[in-house]
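Residue numbers (my numbering): 181 to 317.
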(Lines of atoms letter the chains of each structure in order from A and count residues from 1; the text may use other names and numbers.)
(Lines give C-alpha, C1' and ligand atoms only; values in the text may rest on other atoms or scores of the structure.)
Protein backbone atom coordinates (compact mmCIF):
# COMPACT_ATOMS: atom_id res chain seq x y z
CA UNK A 1 0.00 0.00 0.00
CA UNK A 2 1.40 3.38 -0.96
CA UNK A 3 1.31 6.38 1.40
CA UNK A 4 -1.40 7.91 -0.81
CA UNK A 5 -3.62 4.88 -0.20
CA UNK A 6 -3.37 5.11 3.57
CA UNK A 7 -6.17 7.19 5.02
CA UNK A 8 -4.93 10.05 7.19
CA UNK A 9 -5.50 9.63 10.92
CA UNK A 10 -8.62 11.34 12.16
CA UNK A 11 -8.46 14.06 14.79
CA UNK A 12 -9.84 11.55 17.31
CA UNK A 13 -7.23 8.91 16.47
CA UNK A 14 -4.39 11.40 16.81
CA UNK A 15 -5.91 12.76 20.01
CA UNK A 16 -5.63 9.31 21.64
CA UNK A 17 -2.07 8.77 20.33
CA UNK A 18 -0.46 12.05 21.33
CA UNK A 19 1.05 12.41 24.77
CA UNK A 20 -1.38 14.02 27.21
CA UNK A 21 -2.59 13.42 30.72
CA UNK A 22 -6.01 11.82 31.06
CA UNK A 23 -8.40 11.40 33.98
CA UNK A 24 -9.96 8.18 35.24
CA UNK A 25 -13.17 8.15 37.24
CA UNK A 26 -13.97 5.11 39.39
CA UNK A 27 -16.74 4.73 41.97
CA UNK A 28 -15.81 4.73 45.65
CA UNK A 29 -17.59 2.20 47.87
CA UNK A 30 -20.00 4.97 48.96
CA UNK A 31 -20.86 5.68 45.30
CA UNK A 32 -19.08 9.03 45.01
CA UNK A 33 -16.67 9.52 42.09
CA UNK A 34 -12.92 9.17 42.54
CA UNK A 35 -11.13 11.16 39.80
CA UNK A 36 -7.36 10.85 39.26
CA UNK A 37 -4.85 11.83 36.55
CA UNK A 38 -3.49 8.83 34.65
CA UNK A 39 -1.87 7.75 31.41
CA UNK A 40 -4.33 5.97 29.12
CA UNK A 41 -3.82 4.02 25.94
CA UNK A 42 -6.69 3.26 23.58
CA UNK A 43 -6.90 0.57 20.91
CA UNK A 44 -9.60 1.59 18.40
CA UNK A 45 -9.59 -1.86 16.80
CA UNK A 46 -10.63 -3.65 19.99
CA UNK A 47 -12.18 -0.60 21.71
CA UNK A 48 -10.13 -1.26 24.84
CA UNK A 49 -8.54 1.47 26.94
CA UNK A 50 -5.79 0.58 29.41
CA UNK A 51 -4.36 2.22 32.52
CA UNK A 52 -1.25 0.84 34.22
CA UNK A 53 -1.02 1.35 37.97
CA UNK A 54 0.01 -0.25 41.26
CA UNK A 55 -2.11 -3.05 42.70
CA UNK A 56 -2.60 -1.13 45.95
CA UNK A 57 -3.78 2.15 44.38
CA UNK A 58 -7.13 3.61 45.40
CA UNK A 59 -8.47 3.24 41.86
CA UNK A 60 -7.72 -0.50 41.91
CA UNK A 61 -9.15 -0.89 45.41
CA UNK A 62 -12.32 0.87 44.22
CA UNK A 63 -12.66 -1.48 41.25
CA UNK A 64 -12.00 -4.60 43.28
CA UNK A 65 -14.60 -3.52 45.84
CA UNK A 66 -17.15 -2.91 43.09
CA UNK A 67 -16.38 -6.12 41.17
CA UNK A 68 -15.75 -6.93 37.50
CA UNK A 69 -17.66 -4.90 34.95
CA UNK A 70 -17.71 -1.70 37.00
CA UNK A 71 -18.69 1.40 34.99
CA UNK A 72 -15.81 3.89 34.63
CA UNK A 73 -14.80 6.79 32.41
CA UNK A 74 -11.50 8.13 31.06
CA UNK A 75 -11.28 11.61 29.67
CA UNK A 76 -8.80 14.04 28.18
CA UNK A 77 -9.01 17.62 26.97
CA UNK A 78 -6.85 20.18 25.25
CA UNK A 79 -8.29 23.53 24.33
CA UNK A 80 -11.59 22.99 22.55
CA UNK A 81 -10.84 19.32 21.86
CA UNK A 82 -12.06 16.77 24.37
CA UNK A 83 -13.11 13.15 24.53
CA UNK A 84 -14.55 10.87 27.19
CA UNK A 85 -14.58 7.11 26.82
CA UNK A 86 -17.03 5.21 29.04
CA UNK A 87 -17.11 1.50 29.62
CA UNK A 88 -16.71 -1.33 32.05
CA UNK A 89 -13.46 -2.11 33.83
CA UNK A 90 -11.62 -5.17 35.07
CA UNK A 91 -8.26 -5.39 36.81
CA UNK A 92 -5.77 -7.69 35.10
CA UNK A 93 -2.57 -8.83 36.78
CA UNK A 94 -1.36 -11.63 34.54
CA UNK A 95 2.14 -11.02 33.11
CA UNK A 96 0.97 -11.01 29.48
CA UNK A 97 -1.66 -8.31 30.04
CA UNK A 98 0.75 -6.19 32.08
CA UNK A 99 3.53 -6.48 29.47
CA UNK A 100 1.13 -5.58 26.65
CA UNK A 101 -0.15 -2.53 28.56
CA UNK A 102 3.41 -1.43 29.38
CA UNK A 103 4.36 -1.65 25.70
CA UNK A 104 1.36 0.43 24.69
CA UNK A 105 2.11 2.97 27.44
CA UNK A 106 5.72 3.29 26.24
CA UNK A 107 4.47 4.05 22.71
CA UNK A 108 2.23 6.90 23.84
CA UNK A 109 4.18 8.26 26.79
CA UNK A 110 7.57 6.80 27.71
CA UNK A 111 8.81 3.50 29.10
CA UNK A 112 7.22 3.08 32.54
CA UNK A 113 9.44 2.75 35.58
CA UNK A 114 9.85 -0.79 36.92
CA UNK A 115 7.03 -1.76 39.27
CA UNK A 116 6.66 -5.36 40.48
CA UNK A 117 3.19 -4.46 41.84
CA UNK A 118 1.89 -3.25 38.45
CA UNK A 119 -1.57 -4.24 37.24
CA UNK A 120 -3.69 -3.08 34.33
CA UNK A 121 -7.12 -1.54 34.46
CA UNK A 122 -8.69 -2.72 31.21
CA UNK A 123 -11.74 -0.80 30.06
CA UNK A 124 -14.08 -2.20 27.43
CA UNK A 125 -15.32 1.03 25.87
CA UNK A 126 -19.06 1.20 25.21
CA UNK A 127 -19.47 4.93 24.53
CA UNK A 128 -17.35 7.79 23.23
CA UNK A 129 -18.30 11.44 23.37
CA UNK A 130 -16.67 14.74 22.64
CA UNK A 131 -15.21 16.84 19.86
CA UNK A 132 -12.31 14.43 19.24
CA UNK A 133 -13.89 10.98 19.30
CA UNK A 134 -11.94 8.07 17.81
CA UNK A 135 -13.11 6.88 14.39
CA UNK A 136 -16.15 4.63 14.44
CA UNK A 137 -18.07 6.46 17.15
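We put the beta carbon where it would ideally sit given N, CA and C, even for glycine.
The structure displayed is predicted, hence computed values, not measured ones.
Asked                                                                                                                                                                     : Found
What is the C-beta distance between residue 269 and residue 252, in whole angstroms, given that I count them as a contact (C-beta under 8 angstroms)?                     : 4 angstroms
Mapping the DSSP letters down to three states, classify residue 299 as helix, strand or coil.                                                                             : strand
Closer than 6 angstroms by C-beta to residue 267: which residues in its own chain qualify, once you throw out the five before and the five after it? Chain order, please. : 303, 304, 305 and 306
In chain order, which beta strand (DSSP E) runs of at least 3 residues are fully inside the segment 236 to 261?                                                           : 250 to 258
Taking DSSP as the reference, what is the three-state secondary structure of residue 280?                                                                                 : helix
Return yes when the Cβ of residue 194 is within less than 8 angstroms of the Cβ of residue 258, no when it is not.                                                        : no
Which of the three DSSP states, helix, strand or coil, is assigned to residue 193?                                                                                        : helix
Please report the distance separating the alpha-carbon of residue 187 from that of residue 315.                                                                           : Because residue 187 carries a pLDDT of 49, less than 50, the predicted location of this residue cannot be relied on, and no value is offered for it.
Output yes or no for whether 8 angstroms exceeds the beta carbon distance between residue 300 and residue 232.                                                            : yes
At what residues does the beta strand (DSSP E) containing residue 221 begin and finish?                                                                                   : 221 to 223
Who pairs with residue 315 in a beta bridge, going by DSSP?                                                                                                               : According to DSSP, residue 315 bridges with nothing at all.
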